[in-house]
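Undergrad: Residue numbers (this note's numbering), protein chains in the order written: chain A, 3 to 374; chain B, 562 to 714.
Idealized CB from N, CA, C, for every residue including glycine.
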Amino acid sequence: MEADEAWRLTDRLQAEHGKGDPFAAAIRATRMAMVITDPRLPDNPIVFVNDAFLRMTGYDRTEVMGVNCRFLQGPGTDRGDVLSIREAIEGRRDIAVDLLNYRKDGTTFWNALYMSPVVNEAGELLYFFASQLDVTDRIDADLRIRTEKADVERQVAERTRELMQALEARTLLGHEVDHRVKNNLQVIASLLGMEARAMEDPRARLALRTMQERVEALGTVHKQLYQTADATRFDVAECARAIATDLVQASGRADIHLSLDTEAALFPAAKAQPVALMLNEVVREVLRPAIAAEGEGSLGLVTRPDGRDVRVEVMYDGTGSAEAPSGSGLVGRLIKSLSRQLDADVEWLPMGRGTRVTIRLPHGPAAEAASA
Amino acid sequence: MTPPLRIIVVEDETLILMQIEMLLEEAGHEVVGTAVTRDEAIALAVETRPDIAFVDLRLKDGSSGLEAARGMRGVAGLTVVFMTANARELPDDLDGAAAVIPKPFSESVFGAALPFLEECLRRPPPGSPPPQGVRLAPWYIERHGLVLPAGGA
């Protein structure tokens, strides 16, 4: 009972700090609120409080002495925290917990409670010693940060949802426009086809057929652009194959065969339309004398990627040589203009029999591909 | 001489419908009817029991060609071929259809598809290779033991 005696002694000497037990005097004078309770008395009452505790809670010493500490709790106090404290007391363990407490005037403060059992050498429980620190500012700041963080997260989620919706709408619009472009190209080609059928004059019919084939070539390459997720590039080989197949089939000549030797060659989508039109004009020019002449033959098509450029060869090995189309005719002017637009080299090579045309399609500067 | 194929065309774009009718008739086939909505199409197929139905995916009044094709499943011996500018809307197995011809298609592509489909229907297995520009359903390729040309359609 020595410790018991020590603080009772200092209690008597409360106005004389530094006299009696210096530890008791220090506890009495510190700015840290401190309480001692006696678990051996009924309901574990307070047997000592220092002035800092009274200042923090707003009570008089007479109001709190002999009373259980639970008067500090209120409706906002977390029941789970209270339970933890009770378990610590029962288990004689120390505990640190931030607890919402109530002052005498009903206002609240966050109490960083640290409580530990005091035992004697025999292991008997004598007291509980508790220190309290008003950490309202820190908890409020924590709460504010948590609230702000939740708010920011909510705003980010909302904005993300808006952006996803906008992206979805844009994708839908893109598909819709793509669908209409394709349908319109089909309608234009079908109009030209029907008009050609109605023509009695073979020259007028041929002119309309030629126009129809040009529109179909544009349709072919447009269709290709949106077949893949990457709408920024298209495959020159696939485009050339489709155009050559169409034109050979349209010739109606079963003895004109198609010989394909194509290697995939990706090219900027911005160049898809002029490439398709130019290939269409070149292949048709190569086939024209062959269709006019009699006899079997084979239209050869070769495509090769060459670095970032693409090489295309169009050959015919049967009767019917095609000269380079005259620069004054529409076909010649089309090929020339499209070559200039694409910076392409088109060469008509003399052959003993048939025709051979080589086309070099330069990829162009990288910036152009990026903007395509 | 084999009798002409009996064909229905389900397409709400009048000009494209006219073009397809012309191409089919030029090739010697018989267009037994046309429809512009799902319900019309199903009723027409049940009534006429055609060999082939060419079906656009987007029909009049927003009805769906996919649903039209589903409604035609009960018609024995019917081959469905989709035509669409939105081939990506179709499932990989084409939902029971034999093929899809993506729009815009050239007259050559459409023209080449016809004898191929005719062979598949009348003289299987077909002697000619699958035409370019036409995407065949995996089950249809398997059934006819077809070998796709290099580079695909």
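Rounded to the nearest angstrom, how far is the Cβ of B:V592 from that of B:V607, given a contact under 8 Å?
TA: Contact doesn't hold; Cβ gap of about 17 Å is too wide.
Undergrad: Starting from the beta carbon of A:G221, find every residue of chain B whose beta carbon is closer than 9 Å, and list them in chain order.
TA: Residues of chain B passing the Cβ test: K664, P665, F666 and S667.
Undergrad: In the stretch 212 to 300 of chain A, which residue ranges form an unbroken beta strand (DSSP E) of at least 3 residues, counting only runs that do not cross its ends?
TA: Within the stretch 212 to 300 of chain A, the complete beta strand (DSSP E) runs of at least 3 residues are 235 to 237, 258 to 264 and 268 to 270.
Undergrad: For A:V84 and A:T138, what's the separation of their Cα atoms in angstroms?
TA: Cα-Cα distance, rounded: 18 Å.
Undergrad: Any C-beta of chain A sitting closer than 8 Å to the C-beta of B:A646?
TA: So yes, B:A646 belongs to the interface.
Undergrad: Exposed or buried, which one is A:M167 when buried takes at least 16 other CB atoms within 10 Å?
TA: Per the sequence presented here, residue 167 of chain A reads as Gln, with Met not at that position. Classification for A:Q167: exposed.
Undergrad: Check whether the stretch 263 to 280 of chain A and the stretch 689 to 702 of chain B touch, using three or more Cβ-Cβ pairs below 8 Å as the test.
TA: The answer is no - the stretch 689 to 702 of chain B does not touch the stretch 263 to 280 of chain A, with fewer than three Cβ pairs under 8 Å.
Undergrad: Hey, quick one: how far does the beta strand (DSSP E) through A:E202 stretch, first residue to last?
TA: No beta strand (DSSP E) holds A:E202; DSSP gives it neither H nor E.
Undergrad: Pull up the CB-CB distance for A:V288 and A:V359, whole angstroms please, since I reckon it's below 8 Å.
TA: The Cβ separation is near 6 Å, so the contact holds.
Undergrad: What are the residues that DSSP puts in a beta bridge with A:I97?
TA: Paired residue(s): A:M117.
Undergrad: For A:Q226 and A:A159, I'd like the C-alpha separation in whole angstroms.
TA: One C-alpha to the other measures close to 37 Å.
Undergrad: Nearest-angstrom Cα distance between A:M201 and B:W700?
TA: Straight-line Cα distance between these residues: approximately 42 Å.
Undergrad: Roughly how many angstroms separate the alpha carbons of A:E150 and B:V695, rounded to a whole number?
TA: Approximately 58 Å, taken between the alpha carbons.
Undergrad: Tell me whether A:L11 sits in a helix, a strand or coil according to DSSP, three-state version.
TA: Per-residue confidence for A:L11 stands at a pLDDT of 46, beneath the threshold of 50, marking its modelled position as unreliable; the derived number appears in the next sentence. Three-state result, A:L11: helix.
Undergrad: Would A:M36 and A:A98 qualify as a contact pair, given that the criterion is a beta-carbon distance under 8 Å?
TA: Contact: no.
Undergrad: On a CA-only basis, which of A:R156, A:F73 and A:N282 is nearest A:E218? Give me that one, please.
TA: When only C-alpha atoms are compared, the closest one is A:N282.
Undergrad: For A:R30, report the span of its alpha helix (DSSP H) as first-last.
TA: Looking at the DSSP string, the run of the alpha helix (DSSP H) that includes A:R30 is P24 to A31.
Undergrad: Residue ranges of each alpha helix (DSSP H) run of no fewer than 4 residues wholly in the stretch 49 to 93 of chain A, ordered along the chain?
TA: For the stretch 49 to 93 of chain A, whole alpha helix (DSSP H) runs of length 4 or above, ordered along the chain, are 53 to 59, 63 to 66 and 81 to 93.
Undergrad: Could you run through the stretch 575 to 587 of chain B and flag, in chain order, every residue whose CB is less than 7 Å away from some CB of chain A?
TA: Listed by position along the chain: L576, I577, M579, Q580 and M583.
Undergrad: Indicate the three-state DSSP secondary structure (helix, strand or coil) for B:L576 in the structure shown.
TA: Three-state result, B:L576: helix.
Undergrad: Using 8 Å as the threshold, is the C-beta distance between B:D656 and B:A630 below it?
TA: Their beta carbons are under 8 Å apart, which means B:D656 touches B:A630 by this criterion.
Undergrad: Since A:A244 contacts A:T222 with CB under 8 Å, what's their CB separation in whole angstroms?
TA: Contact holds; Cβ gap of about 5 Å.
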